[in-house]
Amino acid sequence: MSGSGLEVPDPAGGAPRLDAHAVTARARAAAGPDGQPALPRVAHWPIFPFATEGLRVKALEDPVLPEPPRRDEDVSACTVCARPDDTFVWSGERWRISMPPLPGSLPTLVLHPRDHVDFADLTEEQGGEMGVLLVRMERALSSIEGVGRVHVYKWGDGGAHLHVLAVARPLGMMQLRGMFLSTWMDVLPPLPAEEWAALRSHLAAHLAAGPAGHGVR
Ligand SMILES: [Zn+2]
163 MSGSGLEVPD PAGGAPRLDA HAVTARARAA AGPDGQPALP RVAHWPIFPF ATEGLRVKAL
223 EDPVLPEPPR RDEDVSACTV CARPDDTFVW SGERWRISMP PLPGSLPTLV LHPRDHVDFA
283 DLTEEQGGEM GVLLVRMERA LSSIEGVGRV HVYKWGDGGA HLHVLAVARP LGMMQLRGMF
343 LSTWMDVLPP LPAEEWAALR SHLAAHLAAG PAGHGVR
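The following block contains the structure:
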């Protein structure tokens with residue numbers, strides 16, 4: 163029995179493998195003699211943020227193996243671990259929730275465990291707590307008037323200390339639906355500083371209220 167409590171069967175024929183070199187080689191072969199990959203179907207979806215005229219897909223770079231370290235890999239120098247509680251919107255015994263310090267374009271909350279761990283390092287209990295807190299974050303953001311939907315993102319390619327984002331989409335901005343909301347976040351200008359501060363106060367109060375008597379801290 164593994165630490166997660168899940169048995170992983172060992173299939174006949176060996177363990178499956180995702181081979182970056184093979185994926186890259188197949189993509190290059192599919193691109194044709196000019197090496198230019200065609201625009202994907204998503205480029206023609208209504209939510210695609212860019213005009214397609216003149217748009218080209220970048221050529222695939224060679225895989226980098228081993229991958230370079232991410233930001234904050236070293237626990238002794240981790241900038242998230244070192245942040246004092248008063249820079250967070252909400253802090254408990256095992257988890258903390260932040261907002262970007264400088265105004266962003268859309269209301270955003272970020273969940274961090276106090277422990278210097280990544281997603282797959284979480285115990286079953288910590289995984290359950292994370293679920294409870296992500297629901298609270300969605301509810302807090304949804305309580306802002308004019309929020310149409312809240313997205314939850316876990317990428318982890320940039321920073322090693324686990325962080326899960328919850329981002330609010332403005333009601334009625336149908337172009338911002340789906341996967342490109344995170345791109346639009348960088349296209350739209352920052353909210354005015356006073357609006358950002360008011361959002362922070364609102365979200366802090368909402369998270370501080372929390373569900374009465376719940377055990378997640
Ligand atoms: Zn850390």
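In the working numbering, the protein residues as written are 163 to 379.
Glycine included, C-beta positions come from ideal geometry on N, C-alpha and C.
Cβ neighbour criterion (16 or more within 10 Å) applied to Val-204: Counting from one through the sequence shown, the residue named residue 204 turns up at place 42. Val-204 is exposed by the Cβ-count criterion.
Arg-179, buried or exposed, once every other Cβ within 10 Å from all chains shown has been counted against 16: Position 17 of the sequence shown, counted from the first residue, corresponds to residue 179. Counting the other Cβ atoms within 10 Å of the Cβ of Arg-179 gives fewer than 16, which makes it exposed.
Per-residue burial, His-183 [other beta carbons within 10 Å of its own, 16 or more giving buried]: For the purposes of this step, residue 183 is identified with residue 21 of the sequence shown, where counting begins at 1. Exposed: under 16 other Cβ atoms inside 10 Å.
Residue burial classification, Met-163 (beta-carbon count within 10 angstroms, cutoff 16): Position 1 of the sequence shown, counting from 1, holds the residue named residue 163. Any reading at Met-163 must be qualified, since the residue scores a pLDDT of 38, below 50, and its modelled position is unreliable; the value itself is stated next. Note on Met-163: under 16 other CB atoms within 10 angstroms of its CB, so exposed under the neighbour-count rule.
Cut-off 8 Å between Cβ atoms - residues of its own chain near Met-292, not counting five sequence neighbours on either side: The residue you call residue 292 lines up with position 130 of the sequence shown. Cβ-Cβ distances below 8 Å link Met-292 to Trp-257, Leu-273, Pro-275, Leu-284 and Val-326 in the same chain, with the five nearest sequence neighbours on each side left out; the list follows chain order.
Own chain residues within Cβ distance below 8 Å of Pro-332, not counting five before or after: On the sequence shown, position 170 is the one that residue 332 refers to. Taking Pro-332 as the centre and dropping the five residues before and after it, the same chain places the C-beta of Leu-268, Gly-308, Val-309, Gly-310 and Leu-338 closer than 8 Å to its C-beta, in chain order.
Alpha-carbon to alpha-carbon, Ala-360 and Ala-367: Translated into the one-based positions of the sequence shown, residue 367 becomes position 205. Translated into the one-based positions of the sequence shown, residue 360 becomes position 198. A straight line joining the alpha-carbon of Ala-367 with that of Ala-360 spans about 11 Å.
Helix, strand or coil at His-323 [DSSP, three-state]: The count along the sequence shown starts at 1 and reaches residue 323 at position 161. Three-state result, His-323: coil.
Contact check, Asp-280 vs Gly-318, beta carbons under 9 Å: As a position in the sequence shown, residue 280 is number 118, starting the count at 1. As a position in the sequence shown, residue 318 is number 156, starting the count at 1. Cβ distance < 9 Å, so Asp-280 and Gly-318 count as in contact.
Ala-367: CB within 8 Å of a non-hydrogen atom of ligand 1: Translated into positions along the sequence shown, residue 367 becomes position 205. No; taking the cut-off as 8 Å, the Cβ of Ala-367 has no heavy atom of ligand 1 nearer than that.
Coarse secondary structure for Cys-243, derived from DSSP in three states: For this step, residue 243 is matched to residue 81 along the sequence shown. Three-state DSSP puts Cys-243 in a helix.
Candidates Leu-264, Asp-277, Ala-282 and Ser-260, of which the one nearest Leu-296 by Cα: For the purposes of this step, residue 296 is taken as residue 134 along the sequence shown, with counting starting at 1. Out of Leu-264, Asp-277, Ala-282 and Ser-260, Ser-260 has the C-alpha closest to the C-alpha of Leu-296.
Test item, CB below 6 Å from any non-hydrogen atom of ligand 1: Each of Asp-234, Val-237, Cys-240, Val-242, Cys-243, His-278 and His-323 has a C-beta closer than 6 Å to some heavy atom of ligand 1; these make up the full list, in chain order.
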